[in-house]
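*Asks:* Could you have a look at this structure, given as structure tokens, before my questions?
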Amino acid sequence: MDEFLLELLLMCADLLFEFLLEFAVAALADLALRAIAKVFEIFQFENTLLASIIYALLGVSAGGLSLLIFPHRLVHSSRFHGINLLLSPILTGLAMSLIGSLLDRYGQKVTRIESFRYGFAVAFGIALVRFFFVS
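Numbering (the numbering used here), first residue to last: 30 to 164.
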């Protein structure tokens, strides 16, 4: 029973750390895109599929960079290896959507990454790279 509780605790800790990493990268990408948008006022892709692919590739490249900083798992593996491949991108997408809703409520301009779809795409790219290449 103690072993199962420890595994469950490790899974929750792994989920939390992966979510925080992906959320931090998505938030930094949001700030960078806002800065770029100030310089280039035309930073919008008309095709949402193309935009989703570009955001996912942004996540893949950020995941690759995260391997340079965190080459090992943030928490030791548990029996539920791979659960973060979907859970943490979903949480990150929800958090980015919440940020977008708050900005919209206060009359601020909302960028695409501040929606569930694009926040999820960035976080999924990061999670995918970390899932396959973390040592």
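C-beta: ideal position from N, C-alpha, C; glycine also.
Tell me whether the stretch 84 to 93 and the stretch 146 to 160 touch, counting them as touching only if at least three CB pairs, one residue from each stretch, are closer than 8 Å.
*Replies:* yes
*Asks:* Which ranges does the beta strand (DSSP E) cover as unbroken runs of at least 3 residues, wholly within the stretch 31 to 116, from first to last along the chain?
*Replies:* none
*Asks:* Mapping DSSP to helix, strand and coil, what is G148?
*Replies:* Looking up residue 148 in the sequence shown gives position 119. Here G148 sits in helix by DSSP.
*Asks:* Using only the alpha-carbon positions, how far apart do L131 and L50 sit?
*Replies:* As a working note, residue 131 is residue 102 in the sequence shown. As a working note, residue 50 is residue 21 in the sequence shown. Computed Cα separation, rounded: 21 Å.
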